[in-house]
Structure formats: C-alpha cells, structure tokens
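Student: One structure, as structure tokens, below. Some questions next.
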Amino acid sequence: MFEPKIIAFLCTWCSYTGADLAGTSRKSSPWNIRAIRTPCSGRVSPEIIIKAFDEGADGVIVLGCHIGECHYDSGNHRTAKRIPVLKSLMELVGLEPERIRLDWVSASEGDKFSKVVTEFNETIQALGPAKWLTKGVGVDVPVLDETKVLQREG
Amino acid sequence: MQTKLLQEHAQMLLDTAQVECVIGYSLSPRGLTRPMFIYRGEDVEQLVWNQHSSHNLAKYLREKIVDLGDTGKVAVVLKPCDTKSLNVLVAEHKIDRLRVHVIGMACSGVVKDNNQERLQDRCVECEMKQPLVYDYLIAAEHTPEVSPGEFDQDSWQTEFEDYSSEQKAEFWLAHFDRCLRCYACRQVCPVCDCPTCLFERDDSLWVGPGSSIQEKRMFHLGRAYHLAGRCTGCNECERVCPVNIPISKINQKLAQVIEGEFGFRAGIEAVPSPLLTVVSGKEYGG
Amino acid sequence: MITRNLNDNCWLPHLGKISSIDNLGPEIKLLRVHLANGNGHSNEEFQPGQFAFISAFGVGEAPFGIASILTDDGSLEFAIQRLGNVTTALHELAVGDLIGVRGPLGNSFPMEKLEDKNLVVIGGGIGGAPLRPVIQYVNNNRNKFGELTILWAARSPSHLMFREDYESWRNIPNTNLHLTVDQPDDEWDGHVGLITELLDQVNPSSKNAIAITCGPPVMIFYADKLLSELGFSPDNRYVTLEARMHCGIGKCGRCNIGEKLVCVDGPVFSMDEVENFLEGYF
Amino acid sequence: MNYIRQEDLHNWLADIGEEYRLTAPVEKDGVILYEPIQSLDEIVWDFEKPVNSIKEIFFPQTEILMELQISGNGSDEIKEVIPTEKNILLNVRPCDAHGLNCLDAMFLDDSPPDVYYAARRQNSVVMGLSCSHMGESCFCTSVGGSPGDTVGMDVMLSKYEEGFLVELLTPIGEALFSDLPVTEQVIEVESPFEKGLFPVPNEEILKKSFDSELWGMQAERCISCRICAYVCPTCRCFDIRDEVVGGSNGTKQANRIRCWDSCASEAYRRIAGGHNPRASKIERLRNRVLCKLYYYPQQYGMLSCVGCGRCIDACPVGMDITEIMSVLVEGPA
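Residue numbers (our numbering), protein chains in the order written: chain A, 1 to 154; chain B, 1001 to 1286; chain C, 2001 to 2282; chain D, 3001 to 3333.
Laid out in structure tokens, this is it:
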C-alpha cells in the first residue's frame, strides 16, 4: 500500500493546537503526516513548498487560522492569495494541483483537523507518488524517465 | 519620422538642462539596435527608433536615478508595454515618478531578433498602441507597418493543455535542462531587482552552486512566482535567453491566473500586485 | 581514507584533527590542528605570512593565514573570525573533529631581507594573525634582527588578538608593544583611537627599518600612507593583501588585482610592487 | 590529401560510437549546442557555430570533485571522483579548438596541473570541421586564428563536394583514424574568404587607457548577467563549494562541487565583511576585457580571446568586444 509522504505546515496559534486537541480527544489522523510548526500560515513561502516537493514530498497541506482570527491579523490573508497562484504554477509545470491544499483549522476544531488531514491523505493515496523528481533523494522514489529528459548524463 | 521627433525633443531637454541623461536606443557599429545613454545635446543624432527597439529601458531607471544623486532627472524612451513596467516600479516605490521624464512612443510592434519579418509574439496580440504614461508623446502618423503575421500561440497553448502532468513535467524539464543559469532573464527584467537574489545566497539555502536540473527548475519557478502580478509581459526574458527557454510562457500563465483570481493586470495603473497587499472584500478566498 | 597520494590531485586537502580550541575574543577562535595524514607534512614548510585553505566539510573552503610557526607537536594554528558560512561551520566544530587543510599557499614575508633591520609590525584586528608568526620568528632568532616595534589595534579591548602573548612579547629584548582600541571599556587605560594616531604618536624612525602591515584594506591604505610620510620608502613597506579566493593555486582567476594574482604572486607584496599595480587593491 | 565520402564517415562513426561517447553539435528548439548525441542523425553538419563551446566537455558547468563522508567523530572520509569517460568531439570549429589550447595553458601547463581537466583532456579526441565562411560576428583572423586553422585538433575535416578532406594531425588522430576508408586524391583547396581585421590593443595601450572614461561609456548598458563568460570558450573562473546530498542518523554525504562563475556578476569580488573592490560594472567590464587581452597572456602566456564572437551574439544589450578593442586603439569615435 503506497504510504504518501505528506508535509503539513501548521500555524502555531491555531492549527497546531487544533492538532493537539485532535490527539487528546482521540481523533484518528494518519501517521504519515509530518507536521511542521510555523509562526503563521503566511510564513510558508512558495519556495518552501516547492523545496518540499524537491525533497521528495508527495503532498503539502497548509493549515492556518480562519480569516480575521490571525494572531498577526493579515498573515492568513497573504496565504489565501498565494496558494491558488502557486497551485496553478505547479500545475503548469506538471504537479497535480490537488497535491497542495490550504485550509483553516482553529484551535478548537480538533475533529475538523483529523477530517481534513485524513481526507487529504486519501486524495494523495489516490493520486499515487508525485512524478516530480528526476533522481532519488536518498529514498526510493519513482523518478521521471531520465534518458528522455536528460540528453546529457553526469 | 519618429526618430526625427525624438532627436529634436531630446535635444531640447538636454539643452534646457531639464534632464541630465536621455536613455534611448542607438545603432551599434554592427548596425544592432541597443540601449544608449545621451548626456550632451550634440550626441542626440545617435538616438534611433525602429522596429528593433525591443529592450525594456525601464530596467535602467533605478540605477541611473541613483547615479545622478538626489536631484537629477532622467528622460527615458518607453514603448507602451514598457510604460507598464514603469507603473509597477512606481507602485512599489522603487523609483520617484517626478524624477523620470517619459518620452512615450506610439508603437506598431517590434520584430524578432532572428526573423526580421515576424513581429514578436507580444506585439501580435497587443492592442495597446499608445503608451499609458508619458510626459511627451511621439505619435506614429506613418511608421512602416510590418505585417503582424499569424501568431503561433495556439501551437503552444492548446496542444499543451491536454498533456498529462508527467508529460508536462518532462516538457519543462527538457527545456530547463539547457538552462546555463546565466541569470540574463533575471538581470534584464525591470521589476526583478532584489539586492541579493534568493537563489544566489552563499549558503545555498534554496539552490546550490551545482546545476542539477531540479535546481534550475527551482530557480525558474521561484522567479516566476516572485513576478506573479508584477510581470507586464514585455517578454525580454525570453528574447535574451541564449538557449531559447520559453520563460515568458510561465509568466503569461501566472498573469492569466492573477487576472482570473483578482481581476488585476500588472502595470495598467500604478497599483501594487494583489499578492503584496492584504485581502480586501471581494478578494477573500480559500 | 584518501585513495590517491596527495601531491598529484591539487584539490585534495590533508585531513587535520583539531587538537585544541580556545577563544581569542568575541566571535574569534584559535584552532590548533594536527595534520593526521599529512605524511610527515610538518609545519617547518609553513613560512610566516603564508596561508592555507581550511575546509569545513559539507560547507566549503576558505583561506586563512597561519597564526603560528612554533608548536612543539608539529601542529598548526589558525585564528578564525566568524563572518561567513565556512567560518560559522568551523566555529561549531569540537576538539577531535576533522577539517581539511590545503597548503602552504602563497609567498611569505622575506625574513632574510628583514635581517639586521629595525622592524615595525602593524596589525589590525584579525589581521594580526599572519603577523604573529613573524614576531615568533624574530623571537627565535633575536640577534638577527634590530629593534622590534609592535603596534596592535582592535575595535575593543576584548577584540585584541593574542592577549596572553603580550607578556612574552614585552619580554623580548629590545622590543616595545603599543596597543590601541577604537572603543575602550571601563578597565582600559591604554591608548584609544585609530592605529594611524598610535603610529603618529610612536613615530618609529625609518632609518634602516622595514614596516609590515596587515589588517582590513582600509587600515592598510591609511597606515601605509602615513608610513610613507614618516620616511619609509616603498620597498621597505610590506603588506599582506586580502582577496576573495576559491583555489589558492592560481587557477580560478578570482583574486586578481590587475595582472597579479594575490594567491600566487602574493599575499605578501612590497609597496613598490603594489604602487605599479594596474588596479587598486582597495 | 585524403578524401572520404559522407556515408563512409557515417558508418565508421557508427561502430566507433560504442567505445567512445560521441559529442557533436545538435539542434534543440532552434538552438545549436555541443551535446553528447543519442543517435548519429542528430549531428548537425552545416552550421556557423554552436551557442555553447566545447569548454563544457572538458570543464563542465558543474563537476563533482570529491565525495565527502562526514561522520563528525574524527573519521570523515574523502573520495575523489576522477572522470573516466572517453569522448570523440565531432565538428569542432577551429576557434573552439584554439580555445582548448588556452585552457590547456592554464589547467595543464601552469603547475600544479588540474587532475580532472587532464583526465578528460587525455581521454578525448578532437575532430575538427573547417569553416566554409566567416560568420557575421566572427573575428578569429584578428586574434591569430583562421577559418581553416588546425591548432588543437587531432583530425581536421574540410567539406569538399559530397564528402570531406581528411588531415590527420596528431599521433592520436593517426592511431584512431588509421582504418578510415579514404581515397588518396590531389585536390587544391582555396582558403576561405578572410574578413577585414579588427585592431587588437597591445599592452601599453591597455595600460594607458586603464582609467579612461570610455570604459564607463561602454559598460553603461551592461546588465551584469553571466552570458558572456558562460558561452566563451576560454573563460574559466570557477567557484568551489560543498553541497550536502544526503545523510542519515548523524552521518552526512556531501559533494565538493566546482561550478562556473563570471566576473561580470556583482558579488564576484565581495570579500567577507562586505567590502567589494570591484563594485561598479565599469570595473567589472574592464577586468573582463583586460583579462582576455592582457592579464591571461601575462599569467599563462596566451591571448585568451579566440575571436569566435559568441559573446557578441549572446549579449542581451548588444555589447561588442570588437567595438571595445577598436575604440581602445583608435580612441573614442
């Protein structure tokens, strides 16, 4: 069974505590979510997400506070604008847009957290491994057909 | 005809010391049209305006204003599409509009470098023949009309839509493989002007010194993203690329997305990109 | 460890084991390195003024002047100020870790030419590191040299380099040591101000004397101007120039000042050479 | 003079291909580049000059010098990575081969020799193709080269009717191509058209004009990109850095990488602490031109401009080294 590598950027004020709440209230969420705590969802710049895929991730989910609840009052505004633009950029270059997802999870929504994350895990499982890397990054990742792509080896 | 008017106007500006430098185009000894900087009235006859005036001279404004200290004014020859870059620079407070005297040229399109009869892609579909912003307009009563010719947009756009994601990835990787990382696309861009580029850090945080194909892709994607909502489609990056990578296709795609999402086109007026500002009423998404 | 012997692949560094680390000041550490597989590469070959490329594995290489010629167990010392990526990585290493050492590189101070001359040694900040071997060399062969005047500067008293050597330097016969700092702290009672003021005040005589200067380029520029006013002729003034380097063996073309390569034709230059450089060094 | 027909050469190349990696000009998206070829019909036979030069085969844009095994407790290991591939370079233009000589002077003759460049240089055979005409931006005849020059080549082919004239120039060339199906023919070949010469400033003109303001006028339009150095057959500035490529539980694998760099870029001479002796692009342009015409000859004995004109074609803003040279010699127009 394909176990996708999913990177979750959790805003420390809302989603991270929401994830803890999901844990303490025994909500099940898939184990292969690798959580990264960020001061705000706005801190997740597009390069970080592209770098995550370059390092072998299959899916990236960014969870932040609801609009209007941001601790820095406009951080999630920026993310709300950035992620759709990034998704279309990645789609142009060959990455299914469903592999990047943005959602709002407040500190009290433990169950929403586990629902969103499990749902995301299933969509990525359906999509299969990301065809993004040209060479394995220390792990056995399906790679694009090198000979077709790289006329020049070495 | 426009050349004559341009030279007279430049002569007037320089002789009356309204500006200290005129940035325009001139012919190189090999007959190549290239950027030129005129400081004295008697050099104005070097200024030309022709179908090869493709460079976006807004690129030089920022460093020329800094060179002239804090008082001097600069005159610059701008095509309609270049004036959009000027708007972006002014919107982001990169240059002081009062210190720039814009000589707006009505434009009927510039031709490709290697194929003189064909207008560049951006000119074929361009419907803005008059500059948006100008202090002095040089109209085009009768500039020689080059037949626009058909635009091969469809050969690139439609056949690309039905590619699978893997084919798309391999299409772009094949192009990026040729990239020399010479950064000409970044250096020629008027709005792409960070003091130290994110991708040129000594500690190789995002992109290392090597030129593996993934690092080249990371550079091009990151650069394209940083121009989302700021790129005005002058396509100079694609013209200068020594290995013909279709860079501006990425920027055009993002421009379409920004227009779809926020109904905003870069450079139409001096308003910063929606990505740089906080969400307003109708823009709320996600 | 290394598949081929060292001398035919000029890029292969010797592996050096750090035997001791001590703090010389804020952000400055003195690394003592024992060349593990230097196949007998001891430090006599290192002359005062030469430098070596130190590799912080995983980050990169950078040039550092050797900070001493005199170590009993044949190890080398390098003074490293934390400024960039390589220096930061070096500061994070512990005793027992391995670093790469590629050297000796560049030319050295012409010690024979300095013999039976009075010496004026001017060191500024981290620039004092390459001058310390000169002082040690003079101390080892004291009778060969005339009077030794040392002018030592730094931003603040805690930045003064090799403070624990000052006692031994003052005890070298016929030697006097002058210190200055830009910003004094409360216990500082010595001279305050730029090294050019100290040089003016000490006013060393230029008769039968040679001056050696090393420090930030701006300091070299002004100190040297003052030295020429004090009567030191260009061929009696030596400087070690600093340039960005990536190879140290005259290949990468980065450190050129005009047609001269700092790594191969320098880093030690006499001022009559520097004066007819095509390009300014500063 | 030996003569070989196109098809004979074609089949001969087919079987040599197994043992050697064939590199030739190939056409990709309207751009002609020197690249290792997958099949013989990719080879381009009539072209002016590729965008890149054969420098890339001997001194690649990125090469791994060493693999480092970093374990941190005093037992790190270094394994050098010496290239072993054997190349045959086809259709090499005389200016590229001349450029190879310049690089040899620095990488091989100047001690210590560079092991990586030497390994590639010894395992490669250069098969040249003489130029039938001089291109628009070519000026090799002004810097000591010519369209039919055989410097730095092992074998020289010159187009003749529907085949090639073959000149075997070096022992390597003779050894490798001894079994070429050639026919002996006495043919007179007139030398291709020689274009007018551009003046090349000598040493004391360059020294005299070091501070002249013509550098400022020429450099004003430069945008400090790196194209001119990357397409040039003789530009050889490089940067060495380590790049971590993997690692698990405490040990790290890193590669020591050597990659191209260009003195036109702004941060080229910035030293620790931020001081940059060559901060303005005027000084950088002056350094680049003088390195070609004066510094390199001083340091390694050879003029390091071969007159291929690639920097003229590639420059986004139309800067032109022949213009700079003539302005230096005749003074500002």
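Backbone N, C-alpha and C fix where the C-beta goes; we use that ideal spot for every residue, glycine too.
Work out the CA separation of T3023/D and F3177/D for me, nearest whole Å.
Tutor: Numbered from its first residue, the fourth sequence carries residue 3177/D at position 177. Numbered from its first residue, the fourth sequence carries residue 3023/D at position 23. Cα to Cα, the separation comes out at about 17 Å.
Student: In chain D, which residues lie less than 7 Å from N1244/B when you measure between Cβ atoms?
Tutor: The residue given as residue 1244/B occupies position 244 in the second sequence. Under the 7 Å cutoff, chain D gives D3029, G3030 and V3031.
Student: Going along the chain, which residues of the segment 2080 to 2104 of chain C sit with their C-beta nearer than 8 Å to a C-beta in chain B?
Tutor: G2084 and N2085
Student: Counting along the chain, where does the beta strand (DSSP E) carrying A2056/C start and finish?
Tutor: The count along the third sequence starts at 1 and reaches residue 2056/C at position 56. Unbroken beta strand (DSSP E) run through A2056/C: F2051 to A2056.
Student: Report the three-state DSSP secondary structure of R1178/B (helix, strand or coil).
Tutor: As a first step, residue 1178/B is located in the second sequence; it is residue number 178 there, counting from the start. R1178/B: coil per DSSP, three-state reduction.
Student: Given this structure, state the Cα-to-Cα distance separating V3200/D from S3262/D, to the nearest angstrom.
Tutor: Position 200 of the fourth sequence, counted from the start, is the residue given in the question as residue 3200/D. Position 262 of the fourth sequence, counted from the start, is the residue given in the question as residue 3262/D. Going by the C-alpha atoms only, they are around 23 Å apart.
Student: Starting from the beta carbon of C3225/D, find every residue of chain B whose beta carbon is closer than 9 Å, and list them in chain order.
Tutor: Here residue 3225/D corresponds to residue number 225 of the fourth sequence, with the count starting at 1. C1182, Y1183, A1184, C1185, R1186, Q1187, V1188 and V1240, listed in chain order.
Student: Helix, strand or coil: how does DSSP classify E2275/C here?
Tutor: Locating residue 2275/C in the third sequence gives position 275, where the first residue counts as 1. Of the three classes helix, strand and coil, the one that applies to E2275/C here is helix, per DSSP.
Student: Taking beta-carbon pairs under 8 Å, can you tell me which members of the segment 3211 to 3245 of chain D lie near chain C?
Tutor: Listed in chain order, the positions of the segment 3211 to 3245 of chain D with a beta carbon within less than 8 Å of a beta carbon of chain C are R3236, C3237, F3238, D3239, I3240, R3241, D3242 and V3244.
Student: Verify the CB distance criterion: does F1171/B have a CB-CB separation below 8 Å to chain D?
Tutor: Reading the second sequence from its first residue, position 171 is the one you call residue 1171/B. No, F1171/B lies away from the interface with chain D (no Cβ there is under 8 Å from its Cβ).
Student: When you compare the segment 3005 to 3012 of chain D with the segment 2239 to 2250 of chain C, are there three or more beta-carbon pairs, one atom per stretch, that lie closer than 8 Å?
Tutor: Taking 8 Å as the limit for Cβ pairs, the verdict is that the segment 2239 to 2250 of chain C does not touch the segment 3005 to 3012 of chain D.
Student: Should D1203/B be flagged as near chain C, meaning a C-beta pair shorter than 8 Å?
Tutor: Residue 1203/B sits at position 203 when you count from the first residue of the second sequence. Yes, its Cβ sits closer than 8 Å to a Cβ of chain C.
Student: By DSSP, does T1196/B sit in helix, in strand, or in coil?
Tutor: For this step, residue 1196/B is matched to residue 196 along the second sequence. Coil.
Student: Helix, strand or coil, according to DSSP, for V3231/D in the structure here?
Tutor: For the purposes of this step, residue 3231/D is taken as the residue at position 231 of the fourth sequence. Helix at V3231/D.
Student: Whether or not the segment 113 to 129 of chain A and the segment 78 to 90 of chain A are in contact is what I'm after, with contact meaning three or more pairs of Cβ atoms, one per stretch, closer than 8 Å; do they touch?
Tutor: no
Student: Does DSSP put Q1046/B in a helix, in a strand, or in coil?
Tutor: Here residue 1046/B is taken as the residue at index 46 of the second sequence, counted from 1. Helix, per DSSP.
Student: Does the Cβ of G2096/C have 16 or more other Cβ atoms within 10 Å, making it buried, or fewer, making it exposed?
Tutor: Sequence index remark: in the third sequence, residue 2096/C carries index 96 (1-based). G2096/C comes out exposed.
Student: Would you say I3205/D reaches chain C, if we count a Cβ-Cβ gap shorter than 8 Å as a contact?
Tutor: If you number the fourth sequence from 1, residue 3205/D lands on position 205. No, its Cβ sits nowhere closer than 8 Å to a Cβ of chain C.
Student: Can you name, in chain order, every residue of its own chain whose Cβ lies under 7 Å from the Cβ of L3285/D, other than the five neighbours on each side?
Tutor: Here residue 3285/D corresponds to residue number 285 of the fourth sequence, with the count starting at 1. W3215, Q3218, A3219 and C3222.
Student: Under 8 Å between the Cβ atoms of P97/A and G59/A?
Tutor: In the first sequence, the residue the question calls residue 97/A occupies position 97. In the first sequence, the residue the question calls residue 59/A occupies position 59. Between P97/A and G59/A, the C-beta spacing is not below 8 Å.
Student: Is there a Cβ of chain C sitting closer than 8 Å to that of E3080/D, yes or no?
Tutor: Position 80 of the fourth sequence, counted from the start, is the residue given in the question as residue 3080/D. Closer than 8 Å: yes.
Student: Output the boundary residues of the alpha helix (DSSP H) element that contains Y1225/B.
Tutor: Here residue 1225/B refers to the residue found at position 225 when the second sequence is read from its first residue. Unbroken alpha helix (DSSP H) run through Y1225/B: I1213 to H1226.
Student: Between the segment 3077 to 3087 of chain D and the segment 3265 to 3281 of chain D, can you find at least three pairs of beta-carbon atoms closer than 8 Å?
Tutor: no
Student: Identify whether P1035/B lies in helix, strand or coil by the three-state DSSP scheme.
Tutor: For the purposes of this step, residue 1035/B is identified with residue 35 of the second sequence, where counting begins at 1. DSSP places P1035/B in strand when its eight states are reduced to three.
Student: If you reduce the DSSP assignment to three classes, tell me which class N1244/B lands in.
Tutor: Here residue 1244/B refers to the residue found at position 244 of the second sequence. The three-state secondary structure of N1244/B, taken from DSSP, is coil.
Student: Who does P3025/D pair with in a DSSP beta bridge?
Tutor: Translated into positions along the fourth sequence, residue 3025/D becomes position 25. P3025/D is bridged to Y3034/D.
Student: Roughly how many whole angstroms lie between the Cα atoms of L42/A and G2060/C?
Tutor: If you number the first sequence from 1, residue 42/A lands on position 42. If you number the third sequence from 1, residue 2060/C lands on position 60. Before going on, a small fix: residue 42/A reads as Gly here, not Leu. Cα-Cα distance, rounded: 33 Å.
Student: For R2155/C versus G2190/C, is the C-beta distance shorter than 8 Å?
Tutor: For the purposes of this step, residue 2155/C is taken as the residue at position 155 of the third sequence. For the purposes of this step, residue 2190/C is taken as the residue at position 190 of the third sequence. For R2155/C and G2190/C, no; Cβs fall outside 8 Å.
Student: Let me check understanding here. Comparing Cα to Cα, which of P2130/C, S2019/C and E2045/C lies closest to P2063/C?
Tutor: Counted from its first residue, the third sequence places residue 2063/C at position 63. Nearest option by C-alpha distance: P2130/C.
Student: Using beta carbons (cut-off 8 Å, strictly below), is P4/A in contact with chain B?
Tutor: Residue numbering aside, residue 4/A sits at position 4 when the first sequence is read from its first letter. Chain B, which has no Cβ nearer than 8 Å to the Cβ of P4/A, makes this no.
Student: Tell whether a beta-carbon distance below 8 Å holds between A1010/B and I1038/B.
Tutor: As a position in the second sequence, residue 1010/B is number 10, starting the count at 1. As a position in the second sequence, residue 1038/B is number 38, starting the count at 1. Yes.
Student: Which term fits W31/A, buried or exposed, when burial requires 16 or more other beta carbons within 10 angstroms of its beta carbon?
Tutor: Translated into positions along the first sequence, residue 31/A becomes position 31. Looking at its Cβ environment, which holds fewer than 16 other Cβ atoms inside 10 Å, W31/A is exposed.
Student: Counting along the chain, where does the beta strand (DSSP E) carrying A2154/C start and finish?
Tutor: On the third sequence, position 154 is the one that residue 2154/C refers to. Residues L2148 to A2154.
Student: Provide the residue(s) that pair with Y3295/D in DSSP beta bridges, ordered along the chain.
Tutor: Here residue 3295/D is taken as the residue at index 295 of the fourth sequence, counted from 1. Note: Y3295/D sits in no beta bridge, so no partner.
Student: Alpha carbons only, please: which of C3308/D, F3059/D and M3001/D is nearest the one belonging to V3115/D?
Tutor: Sequence index remark: in the fourth sequence, residue 3115/D carries index 115 (1-based). When each option's Cα is compared against that of V3115/D, the closest is F3059/D.
Student: Select from G1229/B, I1023/B, V1088/B and D1135/B the residue whose C-alpha is nearest the C-alpha of K1253/B.
Tutor: What you label residue 1253/B is simply residue 253 of the second sequence in a count that begins at 1. Here the closest residue by C-alpha is G1229/B.
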